[in-house]
Structure formats: C-alpha cells, structure tokens
Amino acid sequence: MSPARSLVAAIPVRNEADRIGCCLRALATQQGTCLTHAVLLINNSTDSTADRVRAVIPCLPFRVCVVERTYPSPMAHAGTARSDAMKVAAAMAGPDGILLTTDADGVVAPDWLARNLAALDNGADAVCGRAFIDPAEARLLPACLHDDDRAEMAYATMLDHIHDLIDPDPHDPWPRHTEHSGASIAVRVGAWRQAGGVPPLPLGEDRGFLMALRNVDADFSHLRQFRVIL
C-alpha cells in the first residue's frame, strides 16, 4: 500500500556500477512501507552505472528518476550531487513530504525506512542513522585504524552522554549515537527548506546540513537502530 505522504530518497551516484544494484534492492525490500520515488543523480560517471540502474528499474516497487549531470572539476564531488539530488527529491515530495538520503554504495537495513518514519512521527524533524563498514572490507583495514575509531567513538559518546544528563532532549533520548553521515538522513521537506538545503561542500556536506538544521532549531533523533552497511 502506498503511503499517504510522499517518501523520496535522494542518492548521489558516481561510478557505482558494481554496487548500485544492491543499494536499490535494499530500498525495494523495506518492511512495512515503501518509498514513492528515488532520485538517482548520476554525475561524472565513466562506467556503466546508468545502464545498471535502468536495467533494475522494472523490478523496483517505487518510481525512479534518473538525473545525469557532468559537473566541472571544482564542483564534481558528493556535496554538489547530494545537494542537487535533494532539490529534485523535494520538488517531487511536496511541502508535506519526507526526504531521505543514503549513499550509492550503501545497503540499508530492512527496517530502515520504517524506523525513520517512526522517529519522524514521534516529533523529530530530522533523523540520523549509523553507517558501518562492510565486515569483509573492515578486515582489510589495519588494526590501528579500528582502535583509533573505537577510541574516538567512545570519547564522543561520553561527551554526548554528559550533555544528555545536563540537557535531555525528549526527541533524542539516550542511548543514542553521534554520527551525522549522508549514508542515512531523513528530514521533513519543511525543515530541509528552512535550513537552506544541503550545502554543496566538497567535504562534509552531511555535517554541514545537520549544522544548518540545528541553526533553525530542528529537532533531531539519533537512535542506534538505524543502520547502513557501506
């Protein structure tokens, strides 16, 4: 059954012929609800990504809008692509719709969409999920990098817990996480518009967007259950 409101996913894509199929199939097998549209902004690709996308479209339970662009070198990065993808998605979703974004090499959990919607229905304006490295790829990384990541996450979690004890947020209860990754963001169209959209930054456009949302007093949810494998 189609949702009463529009649920539109915006995905920046560049040279992801080997992974875009898995990304779309994960979005197609969501439990309990379904996207209405997905916007794939394919930019500066030199492989067969566009062909792979068009081959899988007939098997998907939602509509797909494929936008192909070639940006000049200074603009050819994920920040520009995600910013533009979200603009196209917002126009489709309408003022009462929901925007979601993930990465073209990501595989969202089967309950990703349902959990995002539940958090939004509980009063959040934006929802941030967690991104995990694929276990097979993680094993290829040096142990020192895993150690550094664990230490950094533990420190950030401790600081956030202190903040929660001092100023608890009913929309973002403890326990929660501290990640702001473009691999998993959901936001109301109204909040996206009020924040000025995703800034087309060469690095950290996801964190820049979440900062812009905070600047307009948007309510956040950082529940640990939102998972995407990269």
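Going by the working numbering, the first residue of the sequence shown is number 1, and it counts up by one from there. Every residue, glycine too, gets a C-beta built ideally from N, C-alpha and C.
Query raised in the report: Just reading off the beta strand (DSSP E) that Cys65 is part of, what are its end residues?
Result: Here the beta strand (DSSP E) through Cys65 covers Arg63 to Arg69.
Report task. Entirely within the stretch 31-93 and at least 3 residues each: give me those beta strand (DSSP E) ranges in chain order. Result -> Runs of the beta strand (DSSP E) inside the stretch 31-93: 37-43 and 63-69.
Query raised in the report: How about Tyr155: is its C-beta nearer than 9 Å to some C-beta of chain B?
Result: No chain B appears in this structure, which consists of one protein chain only.
Query raised in the report: Three or more beta-carbon pairs under 8 Å between the stretch 112-128 and the stretch 60-68, yes or no?
Result: no
Requested in this report: Could you check how far apart the C-beta atoms of Ala131 and Val228 are, in whole angstroms? I think they sit under 8 Å.
Outcome: 5 Å
Query raised in the report: DSSP puts Ile162 in a beta bridge; with which residues?
Result: According to DSSP, Ile162 bridges with nothing at all.
Query raised in the report: Near Val189, what residues of its chain come up, given a Cβ to Cβ distance below 8 Å and the 5 sequence neighbours on each side ignored?
Result: Ala90, Ala93, Gly94, Pro95, Asp96, Gly97, Ile98 and Leu99
Requested in this report: Over the uninterrupted alpha helix (DSSP H) stretch that includes Leu99, give me the two end residues.
Outcome: That residue, Leu99, is in no alpha helix (DSSP H); its beta strand (DSSP E) goes Ile98 to Thr101.
Query - Delimiting residues of the beta strand (DSSP E) encompassing Ala126 - result: Ala126 to Cys128
Query raised in the report: If we ignore side chains and look at the alpha-carbon of each, how far apart do Ala212 and Arg25 end up?
Result: 31 Å
Query raised in the report: Leu7: beta carbon under 8 Å from a heavy atom of the ligand SAH?
Result: Although the ligand SAH was asked about, the structure shown includes no ligands whatsoever.
Report task. Pull up the distance between the alpha-carbon of Ala191 and that of Leu159, whole angstroms please. Result -> 27 Å
Query - Residues bridged to Pro12 (per DSSP) - result: In DSSP, Pro12 forms a bridge with Leu41.
Report task. Kindly indicate the opening and closing residues of the beta strand (DSSP E) around Val187. Result -> Ile185 to Arg188
**Report entry** Neighbourhood of His222 by C-beta distance below 6 Å, restricted to the same chain and skipping five residues each side
**Finding:** Cys128, Asp172, Arg176 and His177
Report task. Specify, as a first and last residue, the run of the alpha helix (DSSP H) that Asn116 falls within. Result -> Trp112 to Asp121
Requested in this report: Please work out which residues of its chain come closer than 8 Å, Cβ to Cβ, to Pro168, disregarding the five sequence neighbours upstream and downstream, and give them in chain order.
Outcome: Trp174
Query raised in the report: Can the beta-carbon of Arg5 be found less than 9 Å from the beta-carbon of Asp206?
Result: no
Query - Coarse secondary structure for Leu203, derived from DSSP in three states - result: coil
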